[in-house]
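Chemist: At position 262 of the sequence shown (counting the first as 1) the number is 1520 in the working numbering, and the numbers step up by one without a gap.
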Amino acid sequence: MMDIDVEEFDQVNYAHLRDANNLMDRIIDEKGYEFDTVMDIGCGSGRVTYLLDSRIHCHKIFALDIDLKSVKYATHRHASPRIQYSLQDISVPWAQLDPKIQQLEGKVDLIFSNRVLHWIENKQQAVANFYRLLKPGSGSLYANVTTLWDLFYDLPEEERKEYERMIYIPNEEEQVEQLHQLFEKSRFDSINIESTILRQHYPSEQFKSVILPYFPNLTKKYMVEKNGHKRNQIMASGLYEYIKNAFLRLYCREIFTTKNGQKSSEFELTYGQIRIVAQK
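(1) Could you say which of K1330, E1512, L1527, T1528 lies nearest to K1521 if we only look at CA atoms?
(2) Are the beta-carbon atoms of K1488 and E1379 separated by less than 8 Å?
(3) Taking Cβ positions, are V1270 and Q1464 nearer each other than 8 Å?
(4) Identify the residues that DSSP records as bridge partners of L1525: which are they?
(5) Return the CA-CA distance between E1265 and H1334, expressed in angstroms with no decimal places.
(6) Under the DSSP definition of a beta bridge, which residues are partnered with R1533?
(7) Considering only residues of the same chain and omitting the five flanking positions on each side of I1492, which have a CB-CB separation below 8 Å?
(8) Pop quiz: Y1529 and Y1509 are said to be a contact at Cβ under 8 Å. What is the actual Cβ separation, rounded to whole angstroms?
(9) Would A1321 be called buried (16 or more neighbouring beta carbons within 10 Å of its own) or exposed?
(10) For a test of the three-state rule: what should DSSP assign to K1393, helix, strand or coil?
(11) Applying the criterion that 16 or more other CB atoms from any shown protein chain within 10 Å of the CB defines a buried residue, is D1323 buried or exposed?
(12) Verify whether the separation of the beta carbon atoms of I1299 and S1371 is less than 8 Å.
(13) What residues are listed by DSSP as bridge partners for Y1331?
(14) What is the rounded straight-line gap between the Cα of V1366 and the Cα of K1517?
(15) What are the complete beta strand (DSSP E) segments, minimum 3 residues, inside the segment 1347–1375?
(16) What are the boundary residues of the alpha helix (DSSP H) that I1319 is part of?
(17) To the nearest angstrom, how far is it from the Cα of S1495 to the Cα of E1415?
(18) Just list the residues that DSSP pairs D1298 with in beta bridges.
(19) What first and last residue would you give for the beta strand (DSSP E) that runs through S1344?
(20) Beta carbon of Q1382, beta carbon of L1326: below 8 Å?
(21) Which of the three DSSP states, helix, strand or coil, is assigned to I1425?
(22) Expressed to the nearest angstrom, what Euclidean distance is found between the alpha-carbon atoms of V1374 and Y1400?
(23) Can you give the Cα-Cα distance for D1447 and Q1361, rounded to whole angstroms?
(24) From I1534 to I1427, what does the alpha carbon distance come to, in whole angstroms?
(25) Can you check which of these residues, M1297, K1289, S1312, A1337, is closest to S1303 by C-alpha distance?
(26) With the cut-off set at 8 Å, would you say C1316 and D1347 are in Cβ contact?
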């Protein structure tokens, strides 16, 4: 789980909001506006959930997140009579889910998830839970997933091998195939998965302090070492700084501008995204 300042991240993560809006556009184009029961997996600050509530017509949105600070913030800042924010790890076995969530088995019309599934390590259990929650014959899942790209390809061979012993990052094609297999195994009927390359600009200071730390935290999920404490030790030994610098070197571009005599700069971030549309 990523330790962030929820309010700060809520204010500056422009790409998160843009990608969510684009996903909602597709939902509306393909499924219309009318839903009874909706679930937002990984609601975070609640800003996207609140946007979803404003763009579609539904009876109830169950918004889940694993982070207590985020759930409290969302409840306070992005409340709606139709939204119920709850603390819940969606990747636990079904029997360990909150009984209120279990009661939704086979009743959810739409599962929405924006840039969250890549944080979940036990994806197979999460996807199996999605399947049980969705309404038979008509339940749909729409999700954006951030892809992680090769951070070592420009290094000398021996140095690259040293890093690859600690971190295994499947290529984009492999990541797509792994997700497809997850949904097939959980018996989803229609599965459409596509990848794309996106770009977003951020003011330099906001990018460095808020957005850039996102990527070393995400990279932890690809470490060969699975013990959380040992992962943190490895990251603290220098890997965290290396990953930040690798993203800056390989996938970011600083742009300098002058306006009214004032110099400023911003970063252009290039990142990959996989979109999943699956039907039960």
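Heads up, the beta-carbon is just placed ideally off N, CA and C, and yes, glycines get one too. Given the structure is predicted, the values throughout are model-derived calculations rather than measurements.
Modeler: Here's the rundown:
(1) What you label residue 1521 is simply residue 263 of the sequence shown in a count that begins at 1. When only C-alpha atoms are compared, the closest one is E1512.
(2) Residue numbering aside, residue 1488 sits at position 230 when the sequence shown is read from its first letter. Residue numbering aside, residue 1379 sits at position 121 when the sequence shown is read from its first letter. It is not a contact, given that the beta carbons lie outside the stated cut-off.
(3) Position 12 of the sequence shown, counted from the first residue, corresponds to residue 1270. Position 206 of the sequence shown, counted from the first residue, corresponds to residue 1464. Yes, these two residues count as a Cβ contact at 8 Å.
(4) Counting from one through the sequence shown, the residue named residue 1525 turns up at place 267. It should be noted that the sequence gives Phe, not Leu, for residue 1525. Note: F1525 sits in a beta bridge opposite Y1460, E1512.
(5) Within the sequence shown, residue 1265 is the residue found at index 7, counting from 1. Within the sequence shown, residue 1334 is the residue found at index 76, counting from 1. So the alpha carbons of these two residues sit roughly 11 Å apart.
(6) In the sequence shown, the residue the question calls residue 1533 occupies position 275. For R1533, which the question treats as bridged, DSSP gives the partners N1402, E1452.
(7) One-based indexing of the sequence shown puts residue 1492 at position 234. Once the five neighbours on either side are set aside, the close Cβ partners of I1492 are M1424, M1481, E1483.
(8) Translated into the one-based positions of the sequence shown, residue 1529 becomes position 271. Translated into the one-based positions of the sequence shown, residue 1509 becomes position 251. 7 Å between Cβ atoms; contact.
(9) If you number the sequence shown from 1, residue 1321 lands on position 63. That one is buried.
(10) Start at 1 with the first residue of the sequence shown, and residue 1393 comes out as number 135. K1393: coil per DSSP, three-state reduction.
(11) For the purposes of this step, residue 1323 is identified with residue 65 of the sequence shown, where counting begins at 1. Per the 10 Å Cβ criterion, buried.
(12) Position 41 of the sequence shown holds residue 1299. Position 113 of the sequence shown holds residue 1371. Yes; because the gap between Cβ atoms is below 8 Å, this pair is in contact.
(13) Position 73 of the sequence shown holds residue 1331. According to DSSP, residue pairing for Y1331 in a beta bridge does not occur.
(14) For the purposes of this step, residue 1366 is identified with residue 108 of the sequence shown, where counting begins at 1. For the purposes of this step, residue 1517 is identified with residue 259 of the sequence shown, where counting begins at 1. Cα to Cα, the separation comes out at about 50 Å.
(15) The segment 1347–1375 contains these whole beta strand (DSSP E) runs: 1368–1372.
(16) By 1-based counting over the sequence shown, the position of residue 1319 is 61. Here I1319 belongs to no alpha helix (DSSP H); instead the beta strand (DSSP E) covers 1318–1323.
(17) Indexing the sequence shown from 1 puts residue 1495 at position 237. Indexing the sequence shown from 1 puts residue 1415 at position 157. Spanning the two alpha carbons is a distance of roughly 21 Å.
(18) Along the sequence shown, one-based indexing puts residue 1298 at 40. Beta-bridge partners of D1298 (DSSP): A1321, F1370.
(19) Position 86 of the sequence shown, counted from the first residue, corresponds to residue 1344. That run of the beta strand (DSSP E) goes 1341–1345.
(20) Looking up residue 1382 in the sequence shown gives position 124. Looking up residue 1326 in the sequence shown gives position 68. No; because the gap between Cβ atoms is not below 8 Å, this pair is not in contact.
(21) As a first step, residue 1425 must be located in the sequence shown, where it is residue number 167. Note: I1425 maps to strand in three-state DSSP.
(22) Taking the first residue of the sequence shown as position 1, residue 1374 is located at position 116. Taking the first residue of the sequence shown as position 1, residue 1400 is located at position 142. Distance between the alpha carbons of V1374 and Y1400: 12 Å.
(23) Counting from 1 along the sequence shown, the entry for residue 1447 is found at position 189. Counting from 1 along the sequence shown, the entry for residue 1361 is found at position 103. Those two C-alpha atoms are separated by around 23 Å.
(24) For this step, residue 1534 is matched to residue 276 along the sequence shown. For this step, residue 1427 is matched to residue 169 along the sequence shown. Using only the alpha carbons, I get a separation of about 20 Å.
(25) Indexing the sequence shown from 1 puts residue 1303 at position 45. The candidate whose alpha carbon is nearest that of S1303 is A1337.
(26) Position 58 of the sequence shown, counted from the first residue, corresponds to residue 1316. Position 89 of the sequence shown, counted from the first residue, corresponds to residue 1347. Result no, Cβ atoms of C1316 and D1347 do not sit closer than 8 Å.
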